[in-house]
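S.K.:
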Amino acid sequence: MSNFMNAGLDPDSGRQELIYIDPEHGAPRVYYLSPNHDEANLTLVWATALLKAKGNINLTGFFSAEPGYERCRIAYDRSGCLYLVDEKNQKADFIYDYGIDNIRAVILSDGRTLAVLFEPEWADNHSVEFWQFTGTKLSRSYPIELDCSADEDEDNDEPSGNLLPLYEIHFDDFLFAGPDNSLILYACGERSFTDLKSRPLQFLMRIDLNLPEGKASIRVQRLETPPKKWNPEKCCIAVDIKRGLLAMPGMAIETTPGHDMGKPGYLQQVNLIDLNRIPPAGEAPLPVQELMLRIPVRSYSAEDLGSRFDPENQRDQAALIQRINSLQFSAQDDALWVCWHDHAVRKTALDGQWRSPVLAVADKADPERIRTSRSEASLLQAMPSPAKPRILLGGWHDLYTLRLSTEQLAALAMTSPSAVLEGWSVVQEEVCDWGDEWSQPHKQSDEQKLHLALLGKRKTRVADFGSEQALGAALYYLSLKCSDMANFCTGNHLILAFTDGKEVWNEAQFFSTVIQLPFESAAELMADILNSFIAYEGADYCFSENEKPALADCALHLGLSDSRWLPLISRYLNAIDPDHEAFFTGEGVRLLESRHGNSPEWDSFYQSLPDTMAYHEEDFDDADEDEEDNDAPRRSDEEVRASIPAELLAQLAVKEQEARDAYQHQIDRVNEAETQAQIGELLDEWLNESQQAYIDPEIASIDYTSRFHERFKTEAHLALEAEIESYFKDSMDSFAVSEGDYYDLDIDTFLDALFEKAEALQCWDALECYLKAQIQWLDENSEGNAWYIDETPYGNYAAEALLRHDASYGPLYAQYLTTLRLAVPEETVGEFLREIIPEQGITADTYPIILARLTFAADQHGWEDVAHWREVLPIRDWLYQNNKVGDFIAAVQADVERYSCSDADVKERVDAVKELLNIEEPAQQALLREHSQAELLQSLYLQRDELYQQELSRIAAIDSPKAMAVALIRWQEELRHPDARVSLDPLCYDYEKRFELRFMGQEIRQLEQSMDKSLLEQLNLKKPRIYGDAIPYCLFDKAKALCAWEALETYLKDQIRWYQDNQVSSAFYIEELPYGHYAAGMLAEAHSRYIPLYVEYLKALSVITEYKGTGEQIDDLFDHYCRYKEGIHGGFEVFLPVIQARLTHARGECWAESVRDWCEDYGLAEWLDSNREAAEKLREQVQYELMQQGYDQDDINSTLAFIGNPG
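The structure is reproduced here in structure tokens:
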């Protein structure tokens, strides 16, 4: 809602500061600004850029209780890139990047702990991880898994038949710090219930954390049910940690006694929730009213809300509640600040016994009323004082200052008399753009100018702009950095800046200069840069400044230098997105043509350009004419209205009100209907009305959208609109005439109301007749799409209602699908089928729908849907049991033949469907019946697949660390089964041998060898696809998702003892993966405390495999500890024992190559140079262990050479 945030009071300077975050131009930039006292503008205090972050940035509270870090907080992006922002020292340091979407983070109430909420990849539950300062570094803790299902079970202890919500954490839920180091999660929206249907739901989840024990308990409190269309912003919810209160807009809209010409008014409220009274897990839930206080905050008259406002209509309810756009607890007293969408602000006591007047801007046309604002702004700072009598609101880019008088300041004191609910006081509002004042060059120091010119850009240092050698060196260095383009780009931007410490060059200055250097390598280096960019996956949506494509100046000046580079420039122009660039389309290509238009390479270059860049002279002639026609600036709304006779505008206002009244009359008829006959009449009317839509004469597509508005206009109304249009000079002029409310004749609201009432009154016969009539009319009149509005086809409401009611309407629904001629809208029809078919299963009624989804109603996702349904429904078995296989395959074949004349295409599609559902040919079945061995082989194949799938399902069903511990014990026994042993002396194990025996591989192989090979080829039986490495991979991946670290640790320790006690020579899952491989790697990556155990595991291995084995795993771990050393407990130094092991016990064949790469490419050599004490200790330990292993001095010296010379 706003790019502004409240930074609070700087304790050193006493300044009230604001934060403005610019996420749109490369790396996110954070500006600390101070509002000026007398003028509506801002002063820049300091600024920083978060180069590794992307997109929108969130800020936590401060580490207020951490000595030396009281003015530090965390800035983070959506994917969990964390920065420590030190406001006192005006800097920001990168901490860690989770690389997981939808991260949320807060500082807990202890003021020392950062809590990060995230959903690990492939995990079923969210986890919380904690960061605290260890010395001068932030270190991560062990993650705690949040199992919400436990709380569901306790809440579900209610009378049977009640529908209960399934409490889950969603990506868009709001996270707050709560009292006593708890986390508060606020959730609102459509959520699933125990009948697996979605309904509006609002709840709080309090997560109580036991940091020393690494445990969490969850309590859930259901709140008032919100209206369907309410989508709150985070600033609408406020939490006071000290008081243990949460404030939020109330859902109840109460009617007040009439005060506006006898009409009732409407009362808006705020709810205060006592977070400390939410019952602990295991106790019976409380009604929300028992822990909630309702505080009235504003009263609206009927005129304020408009004549069409209906307190029973969910859209109107949501719109009224949404008028509150921000809440803040007062830092000075027991009060709450409320801010509304019209920039009005009020202060109210937390007990509801006192309130200030509403402070608001008066309407210019009617000073007795509060102005209606169309610019969204939320409350930023509400700390008015005699020295600074103001309240600050923030919009996207604008700062709004409400200036208060002495009397208004006095009225904000809670010792003053309480204002009446309707009372309001006029304030003056001043507006400024966030960068209007301070961004002017003459307002900046030289140091600020340099800093801001480089802010958020990829900086390259140039020793001397006047030196050819210095410029060449800078270009070479830039080409090296561009070789890793994915990490060099910041989000979807790559903005380059070049500086000598005094002056800053942009890309155009730099590349236009370096291309003229007297070195052939300059052009080659620019070509290397472009080639790196072309190979970058995100090149098609990557920009520089002013929305130029990234590296546009590099491409342009390289292309201008010599026509031999035109093929490379063509590749570049085809790699970017031509629809979102104007530089080459409008200027760049013409410059290249002026230089190379007569060269032999030009024609082929021109032909290779994207369509938007390949211009023609006649196109430009037309464009010039269009520009001449549009030279006149568009008139303002006031000018447009002034050009139209006032009496016509007055007549139009009357006609538009009549149209709104006619629309409301239809809504009222639906709401007042009480019988099936009344609904039947309304359905007949709608059937007739919907068939009056415009039908495209060429493709016979039907679009009802524009017709709905015209339905409520009289002929006189239409004639009046035509007369007024004659005064328009621009198509946009119409927006200056029609009132905004007029366009709220919402077809969704009408259709929702009509068909929901039909369902409520169980008008199934009427709905069936309506749908059949609609299908018949579409068959006769439509050859294309027939939609009311986007994604909503004719008949969809009735078709969904009927099938939801009873599966016996399946054949009728399949007939309805035939009316979707051109496309199946996925957001409506596709989503509905993905929900309903698994619920209803496969029967004679739903079979036609499943067949349709694989044939004429397949569209883009039908194949995927059927592939999923076959996993959860016995489709193949049902087809065989009901003798439908032949009909099914014939229908598939007929559908393919409709659009393909190729026999090969038809056969390919039919074979693919057979393979999808595991269907055999009739001839194949006959052969199977004739040959008992063939039948036996097929049954073995099926048994093999069934056993394999059962094992994968068993792993998937493991739902807790405790269950995983049991599964790992079972897995240990499986690995050591005598069938896995291939040799006693030396003792060797190979699980592939056991796998084949366990899953009937040996029996199948023997039977295949005994059968006639020509018969096998003729049968062409489908072998089950099973993979030996899938079972351990799935098992340990599940363990990781469950965060079952203790179980994995126990498992690995037992595996190490088994290696040692039995002197095992080798033991592999498959190929290069030794027993213990997965557990060891996962533990070592999860937390540095497992590094000693990992080293012990390495020492237990008698064979170190390299490719896809232990050697590669060590390389991956090195990369992890190197890349994320700032966020790892103990830093990079904790990984040194693994490096020591790689140089001694865990050499393998490629140890030297690995260590060389670590030193040269990952900076290990530099780290050892900078940490001499640790390096010397490492050298001593490596030397000692190599001597113990019997290496000669030459080998020892050559090994030590990898890790530097002694200090």
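Residue numbers 1 to 1207, in the UniProt record's numbering, belong to the letters of the sequence shown in order. In this text, a Cβ means the ideal position worked out from N, Cα and C, and glycines have one as well.
Buried or exposed, going by whether 16 or more other CB atoms sit within 10 Å of the CB of Val866?
M.R.: The residue is buried, with at least 16 neighbouring Cβ atoms inside 10 Å.
S.K.: Taking the alpha-carbon positions, what's the Gly306 to Gln762 distance?
M.R.: Computed Cα separation, rounded: 34 Å.
S.K.: From what residue to what residue does the alpha helix (DSSP H) around Leu962 run?
M.R.: Note that residue 962 corresponds to Lys in the displayed sequence, not to Leu. Its alpha helix (DSSP H) spans residues 961-975.
S.K.: Who are Leu496's beta bridge partners in DSSP?
M.R.: According to DSSP, which records beta bridges pairwise, Leu496 is partnered with Arg458.
S.K.: With Phe510 and Ala552 assumed to form a contact (beta carbons below 8 Å), what rounded beta-carbon distance in angstroms separates them?
M.R.: Phe510 to Ala552, Cβ: 13 Å. No contact.
S.K.: Starting from Pro1092, trace the alpha helix (DSSP H) in both directions and tell me its first and last residue.
M.R.: Start and end: 1091-1100.
S.K.: So what does Thr792 bridge to, in DSSP terms?
M.R.: The partner list for Thr792 (beta bridge, DSSP) reads Ile789.
S.K.: Only counting the same chain, and skipping five residues up and downstream in sequence, which positions put a Cβ closer than 6 Å to that of Ala360?
M.R.: Same-chain partners within the cutoff: Ala344, Ile370, Trp424.
S.K.: What residues match up with Pro200 in a beta bridge as DSSP calls it?
M.R.: According to DSSP, which records beta bridges pairwise, Pro200 is partnered with Glu190.
S.K.: When you compare only the Cα positions, how much space is there between Asp621 and Gly435?
M.R.: Here Asp621 scores only 49 on pLDDT, less than 50, and its place in the model should not be relied on; the value that follows carries that caveat. For Asp621 and Gly435, the distance between alpha carbons rounds to 40 Å.
S.K.: Hey, Val420 and Gln408 are a contact pair by Cβ (cut 8 Å); roughly how many whole angstroms apart?
M.R.: Actually they do not touch by this definition, with Cβ atoms about 16 Å apart.
S.K.: Taking the alpha carbon of residue 1210 as the point to measure from, which residue in Phe888, Ala1084, Pro1092, Trp438 has its own alpha carbon closest?
M.R.: Coverage of the chain is limited to positions 1 through 1207, which leaves residue 1210 absent and any answer about it impossible.
S.K.: Which of the three DSSP states is assigned to Leu745 in this structure?
M.R.: Coil, per DSSP.
S.K.: By DSSP, does Glu17 sit in helix, in strand, or in coil?
M.R.: Strand at Glu17.
S.K.: At which residues does the beta strand (DSSP E) containing Gln328 begin and terminate?
M.R.: Here the beta strand (DSSP E) through Gln328 covers 324-329.
S.K.: Tell me which same chain residues have a C-beta within less than 6 Å of the C-beta of Leu822, skipping the five on either side of it?
M.R.: Counting only Cβ-Cβ distances below 6 Å, and skipping sequence neighbours, we find Gly784, Asn785.
S.K.: Using the C-alpha atoms, what's the distance from Ile169 back to Val134?
M.R.: Here residue 134 is Thr; the residue named in the question, Val, does not match the sequence. Taking the straight line joining both Cα atoms gives about 31 Å.
S.K.: For Met732, which beta-bridge partners are listed by DSSP?
M.R.: Its beta-bridge partners do not exist; DSSP assigns none.
S.K.: Pick out whichever of Glu1185, Leu592, Gln448, Ile324 has its Cα sitting closest to the Cα of Trp230.
M.R.: For the residues Glu1185, Leu592, Gln448, Ile324, the minimum Cα distance to Trp230 belongs to Ile324.
S.K.: Do Leu246 and Leu275 come within 9 Å of each other at the CB atom, strictly closer than that value?
M.R.: Yes, they are a contact pair.
S.K.: With respect to the beta strand (DSSP E) encompassing Trp131, which residues constitute its N-terminal and C-terminal limits?
M.R.: Counting along the chain, the beta strand (DSSP E) containing Trp131 begins and ends at 126-134.
S.K.: Between which two residues does the beta strand (DSSP E) harbouring Tyr83 extend?
M.R.: Per DSSP, Tyr83 belongs to the beta strand (DSSP E) from 81-86.
S.K.: In whole angstroms, give me the CA-to-CA distance for Glu121 and Ala1041.
M.R.: Using only the alpha carbons, I get a separation of about 7 Å.
S.K.: Give me the Cα-Cα distance between Leu556 and Pro610, rounded to the nearest whole angstrom.
M.R.: Taking the straight line joining both Cα atoms gives about 16 Å.
S.K.: Under 6 Å Cβ to Cβ from Thr460, same chain only, skipping five residues before and after it: list those, please.
M.R.: Ala474, Leu478, Phe498.
S.K.: Please classify Ser1198: is it buried, with 16 or more other beta-carbons within 10 angstroms of its beta-carbon, or exposed?
M.R.: Exposed, since its Cβ has fewer than 16 Cβ neighbours within 10 Å.
S.K.: Can you give me the C-alpha to C-alpha distance between Pro441 and Val297, rounded to a whole angstrom?
M.R.: So the alpha carbons of these two residues sit roughly 45 Å apart.
S.K.: With three or more beta-carbon pairs closer than 8 Å as the criterion, would you say the stretch 573-592 touches the stretch 529-543?
M.R.: As far as the Cβ criterion goes, the stretch 573-592 touches the stretch 529-543, which means the pair count is three or higher.
S.K.: Pick helix, strand or coil for Arg140, following the three-state DSSP scheme.
M.R.: Residue state, collapsed to three classes: strand.
S.K.: Only counting runs of 3 or more residues, tell me where the beta strand (DSSP E) segments fall wholly within the stretch 318-374, in order along the chain.
M.R.: The stretch 318-374 contains these whole beta strand (DSSP E) runs: 324-329, 335-340, 345-349, 358-360.
S.K.: For the alpha helix (DSSP H) that Tyr663 lies in, which residues bound it at each end?
M.R.: Here the alpha helix (DSSP H) through Tyr663 covers 646-672.
S.K.: Whose C-alpha, out of Phe856, Leu851, Ser808, is nearest the C-alpha of Leu820?
M.R.: Of the candidates Phe856, Leu851, Ser808, the one whose C-alpha sits nearest the C-alpha of Leu820 is Phe856.
S.K.: Going by alpha carbons, who is nearest to Gly55 out of Gly491, Val30, Pro285?
M.R.: Taking only the C-alpha atoms, the option nearest Gly55 is Gly491.
S.K.: Exposed or buried, which one is Lys457 when buried takes at least 16 other CB atoms within 10 Å?
M.R.: Result: buried.
S.K.: Under the rule that 16 or more other beta-carbon atoms within 10 Å means buried, what is Gly862, buried or exposed?
M.R.: So Gly862 counts as buried.
S.K.: Out of curiosity, what's the CA-to-CA distance linking Val829 and Ala852?
M.R.: If you take the alpha carbons of Val829 and Ala852, they lie about 12 Å apart.
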